[in-house]
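In this note's numbering, the protein residues as written are 827 to 1683.
C-beta: ideal position from N, C-alpha, C; glycine also.
Model, not experiment: these values are computed from the prediction.
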RNA sequence: GCCAGGGUGGCGAAAUUGGCAGACGCGCCAGACUUAGGAUCUGGUGGAGAAAUCCUUAGGGGUUCGAGUCCCCUCCCUGGCACCA
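As C-alpha cells, this is what we get:
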C-alpha cells in the first residue's frame, strides 16, 4: 500500500457518486413541448455531436474531444436558462459488426449490443450531460422503420424543375414516373469492391480503393438503387450561404458539387453504315469556353461512350477494340495519373465544327471521362493543356483563337483574352465572346448555354447484410414500394452472412424471406450506412414516437428558430465534410419540400474538432502503439482532469498532440482547486478549510473574480475553452496564499468551473452548502453569474512610452488623461528626454489608456 | 498542378480594432518543507551579453509613429481536390 500513488484529491469517489446522482435525478432530461416540466418561456438550444459507430475497440480520445466541447456548452446554456437538447445515440449499422459475424457466426445485433453497452459506460464515466432518455440506435427496428419510411417519401417524389423542389410523384404529368423518381434503379458503372463484396459510393472510394479497409475497387456496370441528389445540386450549393460553417467545409462541398457554367454545343457528325448509307447524328459536348469553338480541331469521346459502337469505321475497329480493352484493364489510379502520356485512337469518322464548318476528326481517348459532361469534348489544343498535349502527340492541327492580354504566347494560354481567328466574335474579350457565341449557336440550333455539375447521383444500395432492407418488392421485373404499415422490413436471420462474391447480396440466401408473395420478390440490397445518420438529428427531437418519424410540435420546437438550419451547434470531425453532411442536407431538403420540416437546412452552425495525435506527434494507430485509452487516463487522473485537459490542449479545431504531462498539469490545477477549499485533518481526512469565511472579497479579489466571469463567459461563447481554463488557473493562483478565502468568490468560481469539471465542482458546492446552509440546490441548477464591468476598470493605468517604435519607459497615469497630458508627461520624462536630447522630434502620437509613441531622428 | 488552413520559446500555446510578443500549462533551474520526493509551496526561465544594451513571431521586401497582426514575393507543413473539358 505504501507504493500506491496517493490521489491528489478523491476523484475516484466523487465522480461515480455524482454520475449516479445525475442518473437518478435525470437532471439533464430536456422536456418536449407538452411534457411535464416543459417551460415555454425558456428558449431552446439544440447542441449535437456526431454520434459514433460503436466499434469493438471502444472509445478513443478523439471522440471525447468534441463531446466535451459540446458538453461544456450544453451545461453552460442550461445555466443560462435555455432548454437544452443534448442527445447521444449509435450509428450502429456497418461493416465491422458484419465482418465479425462472418468470422464468428455471431449475429451482428449481439456484437452491436455489446459494443453499445461498452461505449455508453465509457461516455457515462466522463460525466457527459446527455439526455439518455433520448438515446437512439440506428439498428433498432423502431428506428429504422422510419429510415425506411423516409426512403418511401424519397421514392414517392420527384423534383419539379418548375418549382425547384420535390413534389409527390402524383403531381408528375409525364408518362413514366419511374424516370423521374428521386429514388430509381439504374444499370450504372459503379465501384465494386471484391474484398468487401459490395459496391461503394463515389464518396467512399479514394484513389481506386475503398475508404474502409483500403481494398482495391473496380468500375463495373451493375443494377443499383440511386438517389437523385443531382436534382438538388443548385440548392445544395446556394443554400450553403446562410449556414455558419467553417469556410473550408463549405468550399469542400462546393468543389464536390462542382458547378461550372458554359455551353452545350452540337457537332454534326456522319458515318457510313453497314448498308453503305450515309448516316448523321449530333455529338454533344460541354465546354466552359464556347468562345474557343473556332479553335476546335478535333473531337474526343470517352472509350466507354455508347457512340463508340456506332461511329468507328471498319478499318479502325481492331485498334479501337484493343484500346478499349487496355483502358478497361487499367485501374482508376493509373488512368488518372496526370504525369502519364496521353493515349488515344482515331475512330475513322469526322464531325463538322458548327462555327466554321470545318471537318474535324473524332478520336477516342481515356482522358475524357464518361461520367462528366456528355462524355465527349471538343479539342481546342491552343487553349487547353490536355488537348494541346494530345494534339502534339498525334500531330493534330493547333489554331490560336485567344490573344492573351500580355505578351504571353497564345499557344497553351488558357486564361481570358481577346478572341481572334473567330469571325463571329473577333476582337471581343473572352467574357463577351462567350455570351455572343452562345447566343449565336443557340440561334442556329447548334448549342445553348448550360450549367454542369460534377456531383453524381448517389449510389444507394449495398450488397451487405447489416443494413436497412429496402421497403421494395419486385414483380414482373418492376419495382414497387411496400405500404407504410408493412414497416419495418426486418432482415431475416442467416447462418452465413458472407457476400456471395458475384454481387448478389447476402439477403438473397434467405429464400423464404425473399418470396414476398406468389409473384413478388423482395429487394435484397440494403441501404448504405449513411442512411441512418441522414436524419437521426430529427429523431432525437422525439425518439419514442411510433406514429410519426418525428412529432410535428417537437420538430417545430427543436428544429425551429429564425435561421435556415435547425440544430444550433453541431460538432464533429472533418471526415464527414462531403459524405454525411451532404447526404443529410439532401434528405432534409426532400422532407422539407414535402412539408414535413420547418427549416430548409439541418445544421446551422458546424464546428470541426481537430484530430488528436499521439504523444509522438504521429497519428494514433495500433501499429505505432501510440494510442491513448481514455479509461487509463481516467483511472489515473479522473474524468474532470481528462475533460479539462482535452479542452486545455489548444484550440478545438486544431490538430494537436497528446501529452500525459499536460494531463498531469491540469490534474494539478484541479487538485489546487480542491485544496483551496479543503484541508486534510490529523486523521488524514478531507474537511472544509478554516480559511473559508462568509466575508466580502477585497477589491483585488473582486476584480479577478469579475475578470474571470467575463473571460470564461466570452470564451465559452467563442468555444475558446483553452483560454477559459487559463483564466481559471490565474484565478486559483491568485487565491492560493490568501489568509481568508471569501465564500462568495468561491461559489461564483465553482459555477464557472462546473461545465469543465462537473464532478469536482458539484462536490465542493455540496460541501459549501452543508456548512454554510444558505444555498442548498444542486450546482447544475444555479444560474450563470454576470460580471460588473465597473469592477474591472482601474483608476490608474500603465502607459508605455515608445521612441522610434521601442518601449523605453512606462508611466502610471490616470485613465482619464488626455492625449495632450500624455504627450506632455512623456516628453517631460527624464529617461525619454535623455534619449531624444540629440534628436529632432518629428512626431508624437498618444493613444489614451495605451501609449505614447515618439518619432525622432 | 489547383484550392483551403497553418508556420510564434525546449514543448502545447496566448496576444479585440495594428499598440508592452510569449498569458496559462508542460519541461527545466534554484530554494523551502521533508526520512524520502515523481507530493506540496516559493522564485527564476525566448536568445546573446558581466552589464548597459542588442536581437527575436519561417525568410525577404513594403505601408505605418508603431506590424505576429495589413500588402507583395519566396520557402516549408497539414488537409482536400486532382485529365471535371
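Subject >> C-alpha gap between residue 1108 and residue 1267, whole angstroms >> reply: Position 282 of the first chain, counted from the first residue, corresponds to residue 1108. Position 441 of the first chain, counted from the first residue, corresponds to residue 1267. Rounded to the nearest whole angstrom, the C-alpha separation of residue 1108 and residue 1267 is 14 Å.
Original post:
Residue ranges of each beta strand (DSSP E) run of no fewer than 3 residues wholly in the stretch 1615-1659, ordered along the chain?
Top reply: Counting whole runs of 3 or more residues, the stretch 1615-1659 contains the beta strand (DSSP E) stretches 1622-1629, 1632-1640.
Original post:
Which word fits residue 1585, buried or exposed, when buried means at least 16 other C-beta atoms lie within 10 angstroms of its C-beta?
Top reply: Locating residue 1585 in the first chain gives position 759, counting from the first residue. Residue 1585 is buried by the Cβ-count criterion.
Original post:
Enumerated in chain order, which unbroken segments of the beta strand (DSSP E) with a length of 3 residues or greater are wholly contained in the stretch 1199-1286?
Top reply: 1202-1205, 1273-1279
**OP:** From the DSSP output, read off the bridge partner residues of residue 1070.
**Re:** Here residue 1070 is taken as the residue at index 244 of the first chain, counted from 1. For residue 1070, which the question treats as bridged, DSSP gives the partners 1431.
Original post:
Relative to the alpha-carbon of residue 847, which residue among 1393, 910, 1606, 1399 has its alpha-carbon at the smallest distance?
Top reply: Against the first chain, residue 847 aligns to sequence position 21. Residue 1606 is the option with its Cα nearest to residue 847.
Original post:
Span of the beta strand (DSSP E) holding residue 1048?
Top reply: Mapped onto the first chain, residue 1048 falls at position 222. Per DSSP, residue 1048 belongs to the beta strand (DSSP E) from 1043-1053.
Subject >> Unbroken stretches of the beta strand (DSSP E), 3 residues or longer, contained in the stretch 1484-1550 >> reply: 1504-1506, 1512-1514
**OP:** Less than 8 Å between the CB atoms is what I'm expecting for residue 1548 and residue 1483, so what's the real figure, rounded?
**Re:** If you number the first chain from 1, residue 1548 lands on position 722. If you number the first chain from 1, residue 1483 lands on position 657. At roughly 14 Å, the Cβ-Cβ gap does not stay under 8 Å, so residue 1548 and residue 1483 are not in contact.
Original post:
From residue 1111 to residue 1021, what distance separates their C-alpha atoms?
Top reply: Taking the first residue of the first chain as 1, we reach residue 1111 at position 285. Taking the first residue of the first chain as 1, we reach residue 1021 at position 195. Rounded to whole angstroms, residue 1111 to residue 1021 spans 37 Å at the Cα level.
**OP:** Report the option in 1292, 1632, 1287, 1673 whose CA atom is closest to the CA atom of residue 934.
**Re:** Taking the first residue of the first chain as position 1, residue 934 is located at position 108. The option with the nearest alpha carbon to residue 934 is 1292.
Original post:
How would you label residue 1257, buried or exposed, when you count the other beta carbons within 10 angstroms and need 16 or more for buried?
Top reply: By 1-based counting over the first chain, the position of residue 1257 is 431. Residue 1257 is exposed by the Cβ-count criterion.
Subject >> residue 1097, enclosing beta strand (DSSP E) - first and last residue >> reply: Numbered from 1 along the first chain, position 271 holds the residue referred to as residue 1097. Residue 1097 -> beta strand (DSSP E) spans 1085-1098.
Original post:
If we call anything under 9 Å between Cβ atoms a contact, is residue 878 one with residue 938?
Top reply: Here the question's residue 878 lines up with position 52 in the first chain. Here the question's residue 938 lines up with position 112 in the first chain. No, the pair does not count as a contact, with Cβ atoms beyond the cut-off.
Original post:
Taking just the CA atoms, how far does residue 1401 sit from residue 1070?
Top reply: As a position in the first chain, residue 1070 is number 244, starting the count at 1. As a position in the first chain, residue 1401 is number 575, starting the count at 1. Cα to Cα, the separation comes out at about 18 Å.
Original post:
Of all the options 1090, 1416, 1419, 1420, which has the alpha carbon lying nearest to the alpha carbon of residue 1698?
Top reply: No statement about residue 1698 is possible, as the shown extent of the chain runs from 827 to 1683 and does not include it.
**OP:** Tell me, please, whether the stretch 1413-1424 touches the stretch 1445-1459 by the rule of three or more beta-carbon pairs shorter than 8 Å.
**Re:** no
Original post:
Who are the Cβ neighbours of residue 1146 in its own chain at under 8 Å, not counting the five residues just before and after it?
Top reply: The count along the first chain starts at 1 and reaches residue 1146 at position 320. These residues qualify, in order along the chain: 1134, 1138, 1171, 1173, 1190.
Subject >> Start-end ranges of the alpha helix (DSSP H) lying completely within the stretch 1277-1350, minimum 4 residues >> reply: Entirely contained in the stretch 1277-1350, the alpha helix (DSSP H) runs reaching 4 residues are, in chain order, 1337-1340.
**OP:** Mind checking which residues open and close the beta strand (DSSP E) that includes residue 994?
**Re:** Position 168 of the first chain, counting from 1, holds the residue named residue 994. 991-994 is the span of the beta strand (DSSP E), which, as asked, contains residue 994.
Original post:
Under 9 Å, do residue 1355 and residue 875 count as touching if we go by C-beta distance?
Top reply: Sequence index remark: in the first chain, residue 1355 carries index 529 (1-based). Sequence index remark: in the first chain, residue 875 carries index 49 (1-based). Not closer than 9 Å, so no.
**OP:** Taking the CB atoms as reference points, tell me whether residue 984 and residue 949 lie closer together than 9 Å.
**Re:** To locate residue 984, count along the first chain from 1; it is residue 158. To locate residue 949, count along the first chain from 1; it is residue 123. Remark: C-beta atoms of residue 984 and residue 949 do not approach each other more closely than 9 Å.
Subject >> Under the three-state DSSP convention, the category residue 909 falls into >> reply: For this step, residue 909 is matched to residue 83 along the first chain. In the structure shown, residue 909 sits in a strand (DSSP, three-state: E or B).
Original post:
Anyone know if the C-beta pair for residue 1465 and residue 837 falls short of 9 Å?
Top reply: Locating residue 1465 in the first chain gives position 639, where the first residue counts as 1. Locating residue 837 in the first chain gives position 11, where the first residue counts as 1. Yes, these two residues count as a Cβ contact at 9 Å.
**OP:** Check whether the Cβ atoms of residue 1420 and residue 979 lie closer than 9 Å to each other.
**Re:** Indexing the first chain from 1 puts residue 1420 at position 594. Indexing the first chain from 1 puts residue 979 at position 153. Yes; because the gap between Cβ atoms is below 9 Å, this pair is in contact.
Original post:
For residue 1622 versus residue 1638, is the C-beta distance shorter than 9 Å?
Top reply: Position 796 of the first chain, counted from the first residue, corresponds to residue 1622. Position 812 of the first chain, counted from the first residue, corresponds to residue 1638. For residue 1622 and residue 1638, yes; Cβs fall inside 9 Å.
**OP:** Look at the alpha carbon of residue 840 and the alpha carbon of residue 1593, and state the distance between them as a whole number of angstroms.
**Re:** For this step, residue 840 is matched to residue 14 along the first chain. For this step, residue 1593 is matched to residue 767 along the first chain. So the two alpha carbons sit approximately 12 Å from each other.
**OP:** Give the secondary structure of residue 1611 by DSSP, where H, G and I count as helix, E and B as strand, and everything else as coil.
**Re:** Residue mapping note: residue 1611 aligns to position 785 of the first chain, counting from 1. Coil at residue 1611, not helix or strand.
**OP:** Give the C-beta separation of residue 1719 and residue 1332 to the nearest angstrom, bearing in mind that I take them to be a contact with Cβ-Cβ under 8 Å.
**Re:** The chain is shown only over 827 to 1683; residue 1719 falls outside these bounds and no answer can be derived.
**OP:** Count the other C-beta atoms from every protein chain shown that fall within 10 angstroms of the C-beta of residue 1207, then say buried if there are 16 or more, exposed otherwise.
**Re:** If you number the first chain from 1, residue 1207 lands on position 381. Burial call: buried.
Original post:
So, do the stretch 1369-1383 and the stretch 1330-1344 have three or more beta carbon pairs nearer to each other than 8 Å?
Top reply: no
Subject >> 6 Å CB neighbourhood of residue 1095 in its chain, flanking five on each side removed >> reply: As a first step, residue 1095 must be located in the first chain, where it is residue number 269. Result list for residue 1095: 1107, 1109, 1177, in chain order.
**OP:** In angstroms with no decimal places, state the Cα-to-Cα distance between residue 1574 and residue 1076.
**Re:** For the purposes of this step, residue 1574 is identified with residue 748 of the first chain, where counting begins at 1. For the purposes of this step, residue 1076 is identified with residue 250 of the first chain, where counting begins at 1. If I take the Cα positions, the gap works out to 40 Å.
Subject >> Alpha-carbon spacing of residue 1570 relative to residue 1608, whole angstroms >> reply: Counting from 1 along the first chain, the entry for residue 1570 is found at position 744. Counting from 1 along the first chain, the entry for residue 1608 is found at position 782. Each residue's alpha carbon lies about 14 Å from the other.
Original post:
According to DSSP, which residues form a beta bridge with residue 1459?
Top reply: Stepping through the first chain from its first residue, residue 1459 is reached at position 633. In DSSP, residue 1459 forms no bridge with anything.
**OP:** Report the three-state DSSP secondary structure of residue 1013 (helix, strand or coil).
**Re:** Looking up residue 1013 in the first chain gives position 187. DSSP places residue 1013 in strand when its eight states are reduced to three.
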